[in-house]
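The structure appears below as structure tokens.
There are 2 protein chains.
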Amino acid sequence: MTIASTGTTTSEHPTATPLGFGVGARLTASVMTDDYARVLVEILSRLDLTGLVRETGDVSTYLGGHESHLQRALIDLAEELARTEHHATLSLTLSRGCPGEVVCELPGGAGPRGTEVPEPRRTGRYAAAEWSLYPLADQVSEDGTAPDHMRDIYAAIDHARALGTFRGSEHFATRLEGDIGDVIATAVAGWLLVGRSVQHVTSHLTISLNSPSHEVRELAEGAR
Amino acid sequence: MTIASTGTTTSEHPTATPLGFGVGARLTASVMTDDYARVLVEILSRLDLTGLVRETGDVSTYLGGHESHLQRALIDLAEELARTEHHATLSLTLSRGCPGEVVCELPGGAGPRGTEVPEPRRTGRYAAAEWSLYPLADQVSEDGTAPDHMRDIYAAIDHARALGTFRGSEHFATRLEGDIGDVIATAVAGWLLVGRSVQHVTSHLTISLNSPSHEVRELAEGAR
Numbered sequence: 022m023t024i025a026s027t028g029t030t031t032s033e034h035p036t037a038t039p040l041g042f043g044v045g046a047r048l049t050a051s052v053m054t055d056d057y058a059r060v061l062v063e064i065l066s067r068l069d070l071t072g073l074v075r076e077t078g079d080v081s082t083y084l085g086g087h088e089s090h091l092q093r094a095l096i097d098l099a100e101e102l103a104r105t106e107h108h109a110t111l112s113l114t115l116s117r118g119c120p121g122e123v124v125c126e127l128p129g130g131a132g133p134r135g136t137e138v139p140e141p142r143r144t145g146r147y148a149a150a151e152w153s154l155y156p157l158a159d160q161v162s163e164d165g166t167a168p169d170h171m172r173d174i175y176a177a178i179d180h181a182r183a184l185g186t187f188r189g190s191e192h193f194a195t196r197l198e199g200d201i202g203d204v205i206a207t208a209v210a211g212w213l214l215v216g217r218s219v220q221h222v223t224s225h226l227t228i229s230l231n232s233p234s235h236e237v238r239e240l241a242e243g244a245r
Numbered sequence: 022m023t024i025a026s027t028g029t030t031t032s033e034h035p036t037a038t039p040l041g042f043g044v045g046a047r048l049t050a051s052v053m054t055d056d057y058a059r060v061l062v063e064i065l066s067r068l069d070l071t072g073l074v075r076e077t078g079d080v081s082t083y084l085g086g087h088e089s090h091l092q093r094a095l096i097d098l099a100e101e102l103a104r105t106e107h108h109a110t111l112s113l114t115l116s117r118g119c120p121g122e123v124v125c126e127l128p129g130g131a132g133p134r135g136t137e138v139p140e141p142r143r144t145g146r147y148a149a150a151e152w153s154l155y156p157l158a159d160q161v162s163e164d165g166t167a168p169d170h171m172r173d174i175y176a177a178i179d180h181a182r183a184l185g186t187f188r189g190s191e192h193f194a195t196r197l198e199g200d201i202g203d204v205i206a207t208a209v210a211g212w213l214l215v216g217r218s219v220q221h222v223t224s225h226l227t228i229s230l231n232s233p234s235h236e237v238r239e240l241a242e243g244a245r
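The listed protein sequences correspond, in order, to chains A and B. For what it's worth, the numbering used here labels the leading residue of the first sequence as 22, then goes sequentially. For what it's worth, the numbering used here labels the leading residue of the second sequence as 22, then goes sequentially.
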């Protein structure tokens with residue numbers, strides 16, 4: 022159903038297209054103002070969705086398409102939220118390798134699908150975030166080896182350290198801080214790095230923007 | 022570090038206590054009003070945290086303790102958010118079986134830890150939500166069998182149908198609707214049902230409260 026609705030055909034190999042491989046995101050943006058509806062409608066109407074499909078819901082908005090397009094749209098959205106100067110949260114779910122819903126429409130071993138890690142775009146705006154990364158393959162991949170999840174997770178954490186966004190580990194999540202673009206790119210990169218060896222990978226990112234408790238940190242960052 | 026900070030001892034079996042087994046939640050509550058800070062402080066200060074440990078952060082708040090206490094506190098919190106009549110979102114991460122952070126402090130096979138599924142408490146308030154459930158064990162359990170994730174997921178979905186909250190599947194998430202208490206209890210129950218065969222299970226739930234687009238649905242529900 023997902024595959025049909027995204028216009029790919031069953032004759033195509035599932036890794037051939039991002040939508041055929043179930044590459045997409047769900048996002049919930051919350052703006053702490055009485056005027057939230059107008060603010061969100063304005064931001065979402067301006068959002069560049071080139072290369073992406075969108076389905077808007079009352080709980081979240083689904084975006085499907087190539088990871089580089091998703092990263093661009095998510096950074097644009099978070100930057101616009103930050104520019105409102107309102108305190109806002111952005112809750113993101115990233116998924117690849119499991120089109121369909123309760124049951125994956127792809128059998129294990131249909132992937133993985135390698136993709137280049139897109140470069141971050143800096144925004145000059147600060148974000149604090151909590152990040153979870155889930156390699157979900159529970160069967161051996163095509164080459165007959167079970168994926169080494171911890172190796173993949175460590176590669177993702179090392180990448181976060183390289184981007185300078187890694188701030189340590191908390192219960193059930195990794196803390197990220199820095200430029201909005203770097204924070205979102207860290208989650209996308211980790212998702213893709215694990216996706217090189219695991220077909221089905223999801224990642225959850227909760228981003229806090231313009232929090233009153235961030236002012237001190239932002240000054241501290243500026244002073245460095 | 023997590024285990025030490027929660028007062029359990031290494032001589033104790035990891036499944037002996039909820040905190041030793043890493044049972045907890047992270048929650049991010051967003052209230053769409055300029056007055057969000059006062060509203061949240063009031064609600065959180067009134068929250069009954071009996072049996073739970075709390076660590077407050079700028080992105081989310083961590084609660085650790087027995088699943089029945091977590092469910093009570095999460096339903097209380099969501100009900101209070103709904104009673105403000107403001108549009109609000111509540112983003113939840115549930116985790117059990119992996120205390121510690123980047124690396125689990127428990128080896129595979131230290132669990133699973135069976136727990137009774139707590140009964141829902143009805144609130145009379147409506148919630149729409151998107152739910153993800155992740156069995157994360159990637160090694161065989163103590164009895165030598167690999168966990169059957171799909172069997173566990175189906176059991177969780179069947180439980181959601183039984184509670185009447187299941188509304189169908191969307192990309193990367195299952196849609197839940199109904200009384201706030203039933204919606205949260207559905208996610209907690211699914212997390213526990215999968216946890217009967219899998220040591221490390223996480224679940225993410227994004228809840229929308231008092232959304233303008235919910236009014237029609239609430240009337241429809243009332244009419245039935």
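C-beta atoms are modelled at their ideal positions from N, C-alpha and C, and glycine is treated no differently. Only a predicted model underlies this, so the values are computations on that prediction, with no experimental measurement involved.
Note to self: Considering only their Cβ atoms, is the gap separating PRO139(A) from ALA6(A) smaller than 8 Å?
What the structure shows: With chain A running from 22 to 245 in the structure shown, residue 6(A) is simply not present.
Notebook entry, point to check: Along the region 84 to 101 of chain B, what residues have a CB closer than 9 Å to any CB found in chain A?
Noted result: GLY85
Next item on the list: Have a look at HIS192(B), GLU106(B), ASP56(B) and ARG146(B) and flag the residue whose alpha-carbon is nearest the alpha-carbon of SER81(A).
Entry: In the first sequence, the residue the question calls residue 81(A) occupies position 60. It is HIS192(B) whose Cα lies nearest to the Cα of SER81(A).
Next item on the list: Determine the chain B residues that contact TYR57(A) at a beta-carbon separation under 9 Å, and present them in chain order.
Entry: In the first sequence, counting from the first residue as 1, residue 57(A) sits at position 36. The answer, in chain order, is MET53, THR54 and HIS108.
Next item on the list: Report the residue from ARG196(A), HIS221(A) and THR186(A) whose alpha carbon sits nearest the alpha carbon of GLY151(A).
Entry: For the purposes of this step, residue 151(A) is taken as the residue at position 130 of the first sequence. Correcting the residue identity first, residue 151(A) is Glu in this sequence and not Gly. Among ARG196(A), HIS221(A) and THR186(A), the Cα nearest to that of GLU151(A) belongs to ARG196(A).
Notebook entry, point to check: Cβ of GLY45(A) less than 8 Å from any chain B Cβ?
Noted result: The sequence position of residue 45(A) within the first sequence is 24, counting from 1. Interface residue, yes.
Check: Given THR30(B), which residues of its chain have a CB within under 7 Å of its CB, disregarding the five upstream and five downstream residues?
Finding: If you number the second sequence from 1, residue 30(B) lands on position 9. Since pLDDT at THR30(B) reaches only 46, below the 50 mark, its modelled position is unreliable, and the value read off the structure follows with that caveat. Same-chain partners within the cutoff: there are none.
Checklist line | Three-pair Cβ contact test at 8 Å for the region 113 to 131 of chain A versus the region 73 to 80 of chain A | finding: no
Check: Taking the alpha helix (DSSP H) that LEU213(B) falls in, what are its first and last residues?
Finding: As a first step, residue 213(B) must be located in the second sequence, where it is residue number 192. Note, LEU213(B): alpha helix (DSSP H), 201 to 215.
Note to self: Relative to the C-alpha of THR54(A), which candidate in ALA177(A), THR105(A) and ALA194(A) has its C-alpha closest?
What the structure shows: Against the first sequence, residue 54(A) aligns to sequence position 33. When each option's Cα is compared against that of THR54(A), the closest is THR105(A).
Note to self: Tell me which residues of the region 171 to 182 of chain A have at least one Cβ-Cβ distance to chain B shorter than 9 Å, keeping chain order.
What the structure shows: MET171, ILE174, TYR175 and ILE178
Next item on the list: Output, in chain order, the set of chain B residues within a Cβ distance shorter than 7 Å of ALA150(A).
Entry: The residue given as residue 150(A) occupies position 129 in the first sequence. In chain order: VAL80.
Next item on the list: Can you pull the chain E residues whose beta carbon is under 7 Å from the beta carbon of HIS235(B), in chain order?
Entry: Within the model displayed, chain E is absent; protein chains A and B are what it includes.
Next item on the list: Return the residue from the list LEU111(B), VAL215(B), GLU88(B) and HIS34(B) that minimises the CA-CA distance to SER51(A).
Entry: What you label residue 51(A) is simply residue 30 of the first sequence in a count that begins at 1. When each option's Cα is compared against that of SER51(A), the closest is LEU111(B).
Check: Do you know how far the Cα of GLY43(B) is from the Cα of ILE228(B)?
Finding: The residue given as residue 228(B) occupies position 207 in the second sequence. The residue given as residue 43(B) occupies position 22 in the second sequence. Going by the C-alpha atoms only, they are around 23 Å apart.
Next item on the list: Evaluate ALA37(A) with the Cβ neighbour count: other Cβ atoms within 10 Å of its Cβ, from every protein chain shown; 16 or more gives buried, anything less gives exposed.
Entry: In the first sequence, the residue the question calls residue 37(A) occupies position 16. ALA37(A) is exposed by the Cβ-count criterion.
Checklist line | GLU140(A) (DSSP reduced to helix, strand or coil) | finding: Locating residue 140(A) in the first sequence gives position 119, where the first residue counts as 1. Three-state result, GLU140(A): coil.
Next item on the list: Mind listing, in chain order, the continuous beta strand (DSSP E) runs of no fewer than 3 residues lying wholly within the region 99 to 126 of chain A?
Entry: 109 to 117
Notebook entry, point to check: What three-state label does DSSP hand HIS90(B) in the structure shown?
Noted result: In the second sequence, counting from the first residue as 1, residue 90(B) sits at position 69. HIS90(B) falls in the helix class under three-state DSSP.
Next item on the list: Step through the CB atoms of chain B and report whether any lies within less than 8 Å of the CB of SER184(A).
Entry: Walking along the first sequence from the start, residue 184(A) turns up at place 163. Correcting the residue identity first, residue 184(A) is Leu in this sequence and not Ser. Not closer than 8 Å to any Cβ of chain B, the Cβ of LEU184(A) fails to qualify, so no.
Note to self: Can you confirm whether the region 209 to 217 of chain A touches the region 171 to 181 of chain A when touching is taken to mean that 3 or more C-beta pairs between the two stretches lie within less than 8 Å?
What the structure shows: yes
Next item on the list: Show which residues of chain A have a CB atom less than 7 Å away from the CB atom of THR136(B).
Entry: What you label residue 136(B) is simply residue 115 of the second sequence in a count that begins at 1. Those do not exist, as THR136(B) stays about 18 Å from chain A at its closest Cβ, beyond 7 Å.
Notebook entry, point to check: ARG75(B) lies in the beta strand (DSSP E); which residues open and close that run?
Noted result: Position 54 of the second sequence, counted from the start, is the residue given in the question as residue 75(B). First-last of the beta strand (DSSP E) with ARG75(B): 73 to 77.
Notebook entry, point to check: Going by beta carbon distance, what residues of the same chain come within less than 8 Å of GLY86(B), once the five residues before and after it are set aside?
Noted result: Start at 1 with the first residue of the second sequence, and residue 86(B) comes out as number 65. PRO39, LEU40, VAL44, GLY45, GLY72, LEU73 and VAL74.
Item checked: Selected residue, minimal CA-CA separation from LEU157(B), among VAL62(B), VAL222(B), ARG47(B) and ALA94(B) -> The sequence position of residue 157(B) within the second sequence is 136, counting from 1. Minimum Cα distance to LEU157(B) is reached at VAL222(B).
Checklist line | Euclidean distance between Cα positions of ASN231(A) and GLN92(B) | finding: On the first sequence, position 210 is the one that residue 231(A) refers to. On the second sequence, position 71 is the one that residue 92(B) refers to. Computed Cα separation, rounded: 30 Å.
Margin query: Could you compute how far the alpha carbon of ARG117(B) sits from the alpha carbon of ASP97(A)?
Written below: Within the second sequence, residue 117(B) is the residue found at index 96, counting from 1. Within the first sequence, residue 97(A) is the residue found at index 76, counting from 1. Whole-angstrom Cα-Cα distance: 34 Å.
Notebook entry, point to check: By DSSP, does ARG246(B) sit in helix, in strand, or in coil?
Noted result: Residue 246(B) lies beyond the stretch modelled for chain B, which goes from 22 to 245, so this question has no answer here.
Notebook entry, point to check: Which whole-angstrom value describes the C-beta separation of SER89(B) and SER153(B), a residue pair presumed to lie in contact below a C-beta threshold of 8 Å?
Noted result: To locate residue 89(B), count along the second sequence from 1; it is residue 68. To locate residue 153(B), count along the second sequence from 1; it is residue 132. Rounded, the Cβ-Cβ distance is 22 Å, inconsistent with contact.
Item checked: Any chain B beta carbon closer than 8 Å to THR49(A) -> Working through the first sequence from its first residue, we reach residue 49(A) at position 28. So, interface residue.
Notebook entry, point to check: Under the three-state reduction of DSSP, which class applies to SER218(B): helix, strand or coil?
Noted result: As a first step, residue 218(B) must be located in the second sequence, where it is residue number 197. Here SER218(B) sits in coil by DSSP.
Notebook entry, point to check: Exposed or buried, GLU33(B), counting other C-beta atoms within 10 Å across all chains shown (16 or more means buried)?
Noted result: Here residue 33(B) is taken as the residue at index 12 of the second sequence, counted from 1. With fewer than 16 other Cβ atoms within 10 Å, it is exposed.
Next item on the list: Look up GLU163(B) in the DSSP assignment and say whether it is helix, strand or coil.
Entry: Reading the second sequence from its first residue, position 142 is the one you call residue 163(B). Since pLDDT at GLU163(B) reaches only 49, below the 50 mark, its modelled position is unreliable, and the value read off the structure follows with that caveat. Correct three-state label for GLU163(B): coil.
Next item on the list: Below 7 Å CB to CB, which residues in the same chain sit around GLU100(A) once its five sequence neighbours on both sides are set aside?
Entry: Here the question's residue 100(A) lines up with position 79 in the first sequence. Excluding sequence neighbours, GLU100(A) sits near THR144, ARG146 and ILE201.
Checklist line | Option in ALA208(B), PRO233(B) and GLU236(B) with minimal Cα separation from LEU226(B) | finding: The count along the second sequence starts at 1 and reaches residue 226(B) at position 205. The option with the nearest alpha carbon to LEU226(B) is ALA208(B).
Note to self: Can you tell me whether ARG146(B) is helix, strand or coil according to DSSP?
What the structure shows: For the purposes of this step, residue 146(B) is identified with residue 125 of the second sequence, where counting begins at 1. Correct three-state label for ARG146(B): coil.
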